[in-house]
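Enquirer: Next up is a structure, given as structure tokens.
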Amino acid sequence: MSIYDTLNDKQKEAVFHTEGPLLILAGAGSGKTRVLTHRIAYLIEEKGVNPWNILAITFTNKAAAEMRERVDNLVGFGSERIWVSTFHSMCVRILRRHIALLGYDTNFTIYDTDDQKTLMRDVCKLLQIDTKIYKERMLIGTISHAKNEMLTPEEFRLQAGGDFHQKKIADVYEEYEKQLRANNALDFDDLLLKTVQLFQTQRDVLEYYQERFRYIMVDEYQDTNGVQFELVRLLASRYQNLCVVGDDDQSIYKFRGADIRNILDFEKVFTKAAVIKLEQNYRSTANILNAANAVISHNHGRKDKTLWTDNEDGDKIAFRQFDTAFDEAEYIVSDIKEHVEKGECDYQDNAILYRTNAQSRMFEEKFVTANIPYKIIGGINFYARREIKDILAYLKTVDNGQDDLAVRRIINVPKRGIGLTSINRVQEYAAMHEKGFYECLKGADLIPDIGRGVSKLESFVALIEHFKVDAKELTLHELMQEIIDETGYIESIQAESEIEAQARIENIDELLNKVVAYEEVCEEHDEPVTLSGFLEEVALVADIDNLDENSDYVVLMTLHSAKGLEFPRVYLAGMEDGLFPSYMTVTADDPDELEEERRLCYVGITRAQSELTMTCARRRMVRGETQYNKMSRFLKEVPLELISTGNKFSGSGKSLTDHADHEEPERKTDYQMARQAFKTKAFAAVQQGKSFGKPAGGKLEYGVGDRVRHIKFGEGTVLSIVEGGRDYEVTVNFDGPGTKKMFAAFAKLQKI
DNA sequence: GACTATAACATTTTT
DNA sequence: TGTTATAGTC
Numbered sequence: 004m005s006i007y008d009t010l011n012d013k014q015k016e017a018v019f020h021t022e023g024p025l026l027i028l029a030g031a032g033s034g035k036t037r038v039l040t041h042r043i044a045y046l047i048e049e050k051g052v053n054p055w056n057i058l059a060i061t062f063t064n065k066a067a068a069e070m071r072e073r074v075d076n077l078v079g080f081g082s083e084r085i086w087v088s089t090f091h092s093m094c095v096r097i098l099r100r101h102i103a104l105l106g107y108d109t110n111f112t113i114y115d116t117d118d119q120k121t122l123m124r125d126v127c128k129l130l131q132i133d134t135k136i137y138k139e140r141m142l143i144g145t146i147s148h149a150k151n152e153m154l155t156p157e158e159f160r161l162q163a164g165g166d167f168h169q170k171k172i173a174d175v176y177e178e179y180e181k182q183l184r185a186n187n188a189l190d191f192d193d194l195l196l197k198t199v200q201l202f203q204t205q206r207d208v209l210e211y212y213q214e215r216f217r218y219i220m221v222d223e224y225q226d227t228n229g230v231q232f233e234l235v236r237l238l239a240s241r242y243q244n245l246c247v248v249g250d251d252d253q254s255i256y257k258f259r260g261a262d263i264r265n266i267l268d269f270e271k272v273f274t275k276a277a278v279i280k281l282e283q284n285y286r287s288t289a290n291i292l293n294a295a296n297a298v299i300s301h302n303h304g305r306k307d308k309t310l311w312t313d314n315e316d317g318d319k320i321a322f323r324q325f326d327t328a329f330d331e332a333e334y335i336v337s338d339i340k341e342h343v344e345k346g347e348c349d350y351q352d353n354a355i356l357y358r359t360n361a362q363s364r365m366f367e368e369k370f371v372t373a374n375i376p377y378k379i380i381g382g383i384n385f386y387a388r389r390e391i392k393d394i395l396a397y398l399k400t401v402d403n404g405q406d407d408l409a410v411r412r413i414i415n416v417p418k419r420g421i422g423l424t425s426i427n428r429v430q431e432y433a434a435m436h437e438k439g440f441y442e443c444l445k446g447a448d449l450i451p452d453i454g455r456g457v458s459k460l461e462s463f464v465a466l467i468e469h470f471k472v473d474a475k476e477l478t479l480h481e482l483m484q485e486i487i488d489e490t491g492y493i494e495s496i497q498a499e500s501e502i503e504a505q506a507r508i509e510n511i512d513e514l515l516n517k518v519v520a521y522e523e524v525c526e527e528h529d530e531p532v533t534l535s536g537f538l539e540e541v542a543l544v545a546d547i548d549n550l551d552e553n554s555d556y557v558v559l560m561t562l563h564s565a566k567g568l569e570f571p572r573v574y575l576a577g578m579e580d581g582l583f584p585s586y587m588t589v590t591a592d593d594p595d596e597l598e599e600e601r602r603l604c605y606v607g608i609t610r611a612q613s614e615l616t617m618t619c620a621r622r623r624m625v626r627g628e629t630q631y632n633k634m635s636r637f638l639k640e641v642p643l644e645l646i647s648t649g650n651k652f653s654g655s656g657k658s659l660t661d662h663a664d665h666e667e668p669e670r671k672t673d674y675q676m677a678r679q680a681f682k683t684k685a686f687a688a689v690q691q692g693k694s695f696g697k698p699a700g701g702k703l704e705y706g707v708g709d710r711v712r713h714i715k716f717g718e719g720t721v722l723s724i725v726e727g728g729r730d731y732e733v734t735v736n737f738d739g740p741g742t743k744k745m746f747a748a749f750a751k752l753q754k755i
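For the first sequence, our numbering assigns the number 4 to the initial residue and increments by one for each residue that follows.
This is the structure:
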């Protein structure tokens, strides 16, 4: 009995087909990860391929880690030498070694979308672009697409021809590139593009990697874009052992430049390609799968395939329409609670999927008050938080002095009396002399009209230079701690807002933990701990990478983030025309956009293993105004016999809408009761100080006039205590720093 | 230069 | 609605 006996015929065929180009069309839940991992195992164990020669590219770090682990379990040894990584981290690894050949410094920084935006603002200011006409977002998007098509600014300009607008954008593109280079920075698209350019211009480098990666596998191939295709094509062009796995029905990143033709035309580009279809679904019940099939069948221009399953019918798909998004969230949360309490499932078996991140807020409130563990994936990325970006900007400045963006971010954070005028002076001076911002700071006394600002600038430079020395002597986490301490960052955020300070400090602690974790991983793998390495890891994490299967919480995320995952119980919330499919795509004249939304719906449905609930609301608040939505057209594409609207007040043979109308009066009372519960619960939470941070017991151990001690400010006398909604606001006259207002919950004052 | 009040924009999705 | 950029005031 071998490990391959558990595979079905098609899967075996895919595993055993190791030489030459291969396209695996793998429907949702058809076991494609199993095929990929077994294929790697087969290459190593049966074909004697050196693990060193295998490259597997996935979409997220999470998928990469999972694949490595599963290969590990199959082959035991040697798997750590396989390259399993995402496109972006693979490129960074290659670029760190060779980017000098393209005229960059090896410790380049990676700009995320926020940085891009800041940079674009600067560019627009410099070129005097009217951002009313040329929106920054649009400019970034256009440039990103150009990069995905591998167009240089010059080529873009040529293509623009006589078009005034396009020529203007070409100007912006050119300047944007210039600035990136001056900052020794690459944006996400550059990581791919520069790697391709490296391969195109450096024959020997390309040959080295072609020789190394004799067997290449690409997961989620339907979501690759132009550069990614070229990258893979270049790498595989020598040995042609390229195996791509994908599902055209799950292509949902067209807006980001993914080109579905990569998968549709695979056989045209690789003429000798074999094609294997995996059509048996192992994941979902027949009802769920049939619903998915029915929905996706409304799309045109698909690769021909029909997903089938041996699984039993299972429950019908539940559908519920509510009055408001509030009711919707209420229902879903209590439904989950009910199932868990009955012992039918754990929290982690449940996922709530929605179209837009904004929808998560409502659920979050409900979960907090219901005291149910939950995890929201996406939304505001951890690394996009202000305090994290600040600290990282310090690290970037220490690591790569050319990163002007980082320097300017922190030059007056915490406040050190360096204002806009000074910054602008330096900026002008730097632009005039074509020098870096930080470089100019070092010779600040040479800058005209800088006046009394000079001493402040000099002490800032001294601080950074001090950190640079530290960087050589201290470990990474010590350096970060040093930066936090020396800059007085914690005190500064405490001073501006006590309420937020606590969360921000927790985030900073979390960042410190991540540094330590990074150091440990490096140690394990016997790799050097570098600042650049940490910063790059930080730049390339997706929020989904933080999803932990071993923690018992309900998972909330967008449909996009859910791709590649599966859950026993899935809720698709906000199934409304105008929300999903989104208003943009409904009104767009391009029918392709609606098809992409439908594929998104297909992805959502096929995430469910055994139970699927779809919900919608008649009205919901969007951007401050109430929107009235009809239920999603996608819902109507699900055959009625697969749907249950059902429960106590369901009749039979009625249309979906009729049912929902009947439901309403009943729900109202439910809703009101729930609302009542919400209020009392929320209050209880305050009392316990659990979610809002009031001191346990609710009483303070000190009163007005008492002497207290604060961890940072030292000793002082309490002037007043004001009962706030959530906490006590305490005013203390400290002996040293003077009078401070703070909240009792995290001031942690001690009576003396 | 720092702080505050107002206006403007955003919401479709993100490696 | 909520955040963030800008203008205006101290």
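Ideal placement from N, C-alpha and C gives every residue a C-beta, glycine not left out.
(1) What's the gap between the Cα of tyrosine 57 and the Cα of cysteine 94?
(2) Report yes or no: do the stretch 638-648 and the stretch 311-326 share at least 3 C-beta pairs separated by less than 8 Å?
(3) Given this structure, state the Cα-to-Cα distance separating valine 401 from glutamate 468, to the nearest angstrom.
(4) Looking only at C-alpha atoms, which of Phe583, Leu98 and Ala591 sits nearest to leucine 638?
(5) Using the C-alpha atoms, what's the distance from lysine 170 back to aspartate 133?
(6) Can you give the Cα-Cα distance for valine 573 and asparagine 384, rounded to whole angstroms?
(7) Evaluate contact between the stretch 186-201 and the stretch 32-52, counting only Cβ atoms and requiring at least three cross-stretch pairs below 8 Å.
(8) Need the endpoints of the beta strand (DSSP E) that tyrosine 586 sits in, please.
(9) List the DSSP bridge partners of arginine 218.
(10) Does DSSP put phenylalanine 570 in a helix, in a strand, or in coil?
(11) Jot down the residue ranges of each uninterrupted alpha helix (DSSP H) in the stretch 426-492, minimum 4 residues, whole runs only, in chain order.
(12) Specify the secondary structure class of tyrosine 377 as computed by DSSP and reduced to three states.
(13) In three-state terms, what does DSSP make of glutamine 679?
(14) What residue range does the alpha helix (DSSP H) around cysteine 604 cover?
(15) From the DSSP output, which residues share a beta bridge with isoleucine 113?
(16) Can you tell me whether serine 5 is buried or exposed, with buried defined as 16 or more other CB within 10 angstroms of its CB?
(17) With a Cβ-Cβ cutoff of 8 Å, do lysine 378 and valine 558 count as a contact?
(18) For the pair the stretch 225-238 and the stretch 171-189, tell me if three or more CB-CB distances fall below 8 Å.
(19) What does the alpha-carbon distance come out to for the pair threonine 112 and isoleucine 335?
(20) Note the first and the last residue of the continuous beta strand (DSSP E) segment covering leucine 3.
(21) So the candidates are Val735, Lys633 and Leu603; which of them puts its Cα closest to the Cα of asparagine 296?
(22) Considering Cα atoms alone, identify which of His436, Pro451, Glu178 and Phe463 is closest to proline 417.
(23) Among Asn403, Asn374, Lys459 and Ala294, which has the Cα closest to the Cα of isoleucine 414?
(24) Inspect the beta-carbon positions of alanine 620 and aspartate 338 and report whether they are closer than 8 Å.
(25) Label methionine 634 either buried or exposed according to how many other C-beta atoms from any shown protein chain fall within 10 Å of its C-beta, with 16 as the threshold for buried.
(26) If you follow the alpha helix (DSSP H) that threonine 145 is in, where does it begin and where does it stop?
(27) What are the boundary residues of the alpha helix (DSSP H) that includes threonine 40?
(28) Does the stretch 392-406 come close enough to the stretch 358-370 that 3 or more CB-CB pairs lie under 8 Å?
(29) Kindly confirm or deny that the stretch 58-75 and the stretch 309-317 touch, where touching means at least three C-beta pairs closer than 8 Å.
(30) Could you pull the DSSP bridge partners for phenylalanine 322 from this structure?
(31) Bridge partners of cysteine 246, per DSSP?
(32) Determine the direct distance from the alpha carbon of isoleucine 97 to that of glutamate 210, and round the result to whole angstroms.
(33) By the 10 Å Cβ neighbour count, where 16 or more other Cβ atoms means buried, how is threonine 109 classified, buried or exposed?
(34) May I ask you to list the residues that DSSP assigns as paired with methionine 634?
(35) Measure how close the beta-carbons of histidine 91 and valine 208 come, nearest whole angstrom, since I'm counting them as under 8 Å.
(36) Per DSSP, what kind of secondary structure is methionine 560 in: helix, strand or coil?
Expert: Straight from the coordinates:
(1) The amino acid occupying residue 57 in the given sequence is isoleucine; tyrosine does not appear at that position. Going by the C-alpha atoms only, they are around 16 Å apart.
(2) yes
(3) 8 Å
(4) Phe583
(5) 14 Å
(6) 23 Å
(7) no
(8) Segment 586-590 is the alpha helix (DSSP H) holding tyrosine 586; no beta strand (DSSP E) there.
(9) In the sequence as displayed, the identity of residue 218 is tyrosine instead of arginine. Beta-bridge pairing links tyrosine 218 to Ile57.
(10) strand
(11) 440-445, 456-476 and 479-490
(12) strand
(13) With a pLDDT of only 30 at glutamine 679, under 50, the local geometry of the prediction cannot be trusted, and the value read off the model is given with reservation. Note: glutamine 679 maps to helix in three-state DSSP.
(14) 594-608
(15) Leu189
(16) exposed
(17) yes
(18) no
(19) 43 Å
(20) This structure cannot speak to residue 3, because the chain is shown only from 4 to 755.
(21) Leu603
(22) Phe463
(23) Lys459
(24) no
(25) buried
(26) 139-151
(27) 35-48
(28) no
(29) no
(30) Met617
(31) Leu25 and Met220
(32) 13 Å
(33) exposed
(34) Glu579
(35) With 8 Å as the limit, histidine 91 and valine 208 do not qualify as a contact, their Cβ atoms being about 18 Å apart.
(36) strand
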